[in-house]
Every structure is written in structure tokens, then in C-alpha cells.
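Have a look at the structure below before the remarks.
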Amino acid sequence: MPSVGLRPSLPWRREHTESPDREGLEGRVLLSRPIPSTASSPSTAVEHPMENRLVLGRKGSGKTSLTRSLAPRWTRALLVDPFGEYADLCDAKVRTVPDLRDYLATTDGAWRVSYTTRNVREDFPVLCRCCMALGDCMLVVEETSQHCSAWRIGQEFLELVEYGRHALEEETGTAHPVGLVAMSRTPTEIHNIIRSQSWEMDCFALSEPAHLEWCAKVVSPEFALRVRDLDDSHYLSQNLVGARRPFEERVTDPAFRSRGYDGNRPTSGMSGAVV
Ligand SMILES: Nc1ncnc2c1ncn2[C@@H]1O[C@H](COP(=O)(O)OP(=O)(O)OP(=O)(O)O)[C@@H](O)[C@H]1O
Ligand SMILES: [Mg+2]
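Below you can see the structure in the form of C-alpha cells.
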């Protein structure tokens, strides 16, 4: 039996229709069974704010806490969560691709899943394809530098970053965008395409000179100076597209503080066993 931990269902906002046939989509091997989806019924599409966000900051500065505070707004989200830091905000925690597939087949089209495996690198391309096939969802990536480098990015991740906004339902040609939240301690070690396709950047304290130089180039020298002196849990929020508004300093909501790594143990928010 799959090791899927469930909690009582979250207050989903919409009813969802079942997609009778997902064959032909890129994720077909993974999603070989019919799965609930909004894709065949645009009128019932899940409402979720589309995000393309980059969250940066040195170790322990507040990245996970900020992203935790965003999670409740996503009604369809796959969180690549190697240390189980989002499990209490999700309705399922899975460790393998077959478990994910099995879990998705039980949902009504709304799902927020923590993918909690320390060796997530290997599965990551499949998770990207899964999100592209499902559409109308968010992929949230802890430790983005595990899945790309400044010089290399896998095809599946690249496609999601570049074309996620245009993910299409094959049969109807309707857009079902896939958003991304990418977190990293090291802006210089993630592929530039991720930054260039981000609409928002939230930057906690950084101290490494190369990272500060990066901030100065991407935003401004003033931004880099402020980033260097930020206290933990404080971050600068900057939009990266259109006419740039001035950056704003904000503080993470203490109600969503991360509790640190749970060592892949079941968390108190989960009622089901995770073996
Ligand atoms: N607003 C806050 N007030 C007080 N403590 C906070 C606040 N936000 C976060 N923290 C605490 O700061 C610590 C680090 O936060 P968090 O885990 O979010 O950082 P991180 O940047 O994700 O770290 P890492 O790089 O190790 O993943 C945690 O113990 C968290 O509970
Ligand atoms: Mg973290």
C-alpha cells in the first residue's frame, strides 16, 4: 500500500470535474489513471494566484517561513519538501512518484501535497512533468540549487520555467498555467533562466560578496546594501517585471514560522501514518 499520510480535507474553494482521459499528456506514464482535473472544464478552473517567485537568503534567514505563509492560498500545489517543513499545511505527504499518483487519483481536483524525500533529485524531472501535465498548479521548490546550476538545467525544469505559464490542455487548447516558487541560499548557483522568468523576488539577508554583487546587478546597488544588513526574518520584496516599484522591507508572519526539519517523521498535523 502506498505510504500516504492524509489529514482531514482542507476547505477547498471549488467543485472540480473529473478529466476522463489524461492519455497523450506528457505525464501519462506517471498519471496513467484518470485523475481529477480542472483541465477539461475551464469554467471550474481552480482559483489560485499565479506566482513566479524567487525566494533568496542565507541559511536560517526565513525563506521557508515566508513560503509557508503563502501556501494556504494554493489550492493545487506540489511542494518539493525534502525536510517535511510544509506537511502540516498540506493534505498529503508522499515520498514516491507512485504514491503521488495514487494520492492524486483520490482527490476532487484540489490538492496540496508535500513531496518529502531526501533523494528528490532523481524524481524532480518527473515532478516537473507531472505539474505541466496537470496544469493549474504551483510547483514549490526548496533548495533549487539541487536541481540546476548556474550552467545547467534539465529539460523538464527548463520547460516548466519557460513555458509553465502557457501549459495547455491538449484537447481544448485552453491555458492552464503552472507557477513556480523557487528558493535558494545561493543566487549565483541557480540557472539564470529562473531569475529571468520570475515576476517577484523576496530576498532575505545575504552576506557572500558574490551574492551581493548579483543583487546589485539584478536590482540595484542600494538593494544589495540593504540586503547585507537585513535582520533574520526580514526581507526585501521586489517585482522584477514591468515598471519596477521600489523594493519594500517586510517581515515574515510569525504564525507561519518553520519548525525546522522534521527528519521525515510524520508531523503532528497528519493523521495518517507515513511508513
Ligand atoms: N517572524 C519570525 N519571528 C521569529 N522567528 C522566525 C520568524 N520567521 C522565521 N523564524 C525562525 O527563524 C528560523 C529560520 O527560519 P526558516 O527555516 O524559515 O529559514 P530558511 O531561510 O528557510 O533556512 P534554511 O536556509 O536553513 O532552509 C526558524 O527557526 C524560524 O522559526
Ligand atoms: Mg528553509
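Residue numbers (the numbering used here): 697 to 971. Built from N, CA and C at the ideal position, the CB exists for glycine as well. Predicted, not measured: the structure shown is a model, and the values here were computed from it.
Asked                                                                                                                             : Found
C-alpha gap between residue 913 and residue 777, whole angstroms                                                                  : 30 Å
Beta-carbon proximity list for residue 819, same chain, < 6 Å, skipping 5 on both sides                                           : 793
Environment of residue 746 [buried if 16+ CB atoms lie within 10 Å]                                                               : exposed
Status (buried if at least 16 other CB within 10 Å, exposed otherwise) for residue 728                                            : Low confidence applies here, because residue 728 scores a pLDDT of 32, under 50, leaving its location unreliable; read the following figure in that light. So residue 728 counts as exposed.
Under the three-state DSSP convention, the category residue 898 falls into                                                        : strand
Any non-hydrogen atom of ligand 1 within 7 Å of residue 928 CB                                                                    : yes
Validate contact between the region 888 to 905 and the region 925 to 938 using beta carbons, cut 8 Å, 3 pairs                     : yes
Alpha-carbon to alpha-carbon, residue 789 and residue 805                                                                         : 16 Å
Straight-line Cα distance separating residue 904 from residue 829                                                                 : 38 Å
Given 8 Å, three or more beta-carbon pairs between the region 879 to 888 and the region 917 to 933                                : no
heavy atom of ligand 2 below 7 Å from residue 948 C-beta                                                                          : no
Chain-order list of residues whose beta-carbon lies under 6 Å from that of residue 796 (same chain, five-residue window excluded) : 790
DSSP beta-bridge partners of residue 875                                                                                          : 834
Near ligand 3: residue 881 beta-carbon under 7 Å from a heavy atom                                                                : Here the bound small molecules are ligand 1 and ligand 2; ligand 3 is not part of this structure.
Residues that DSSP places opposite residue 652 in a beta bridge                                                                   : Missing from the structure shown is residue 652; the chain here goes from 697 to 971 and no further.
Backbone secondary structure at residue 705 - three-state DSSP                                                                    : Low per-residue confidence applies at residue 705: pLDDT is 32, beneath 50, and the placement is therefore not dependable, though the value from the model is reported in the following sentence. Residue state, collapsed to three classes: coil.
Cα-Cα separation between residue 782 and residue 757, rounded to whole angstroms                                                  : 17 Å
Strand pairing of residue 799, partner residues [DSSP]                                                                            : Answer is none; residue 799 lacks a bridge partner.
For residue 853 and residue 843, believed in contact at Cβ under 8 Å, the rounded distance                                        : 6 Å
Distance cut-off 7 Å: residue 903 Cβ against heavy atoms of ligand 2                                                              : no
Nearest candidate by alpha-carbon position, reference residue 860, set 779, 893, 822                                              : 893
Nearest neighbour of residue 951, chosen from 762, 748, 750, 754 [CA to CA]                                                       : 762
Contact set for residue 868: own chain, Cβ-Cβ below 6 Å, skip 5 residues either direction                                         : none
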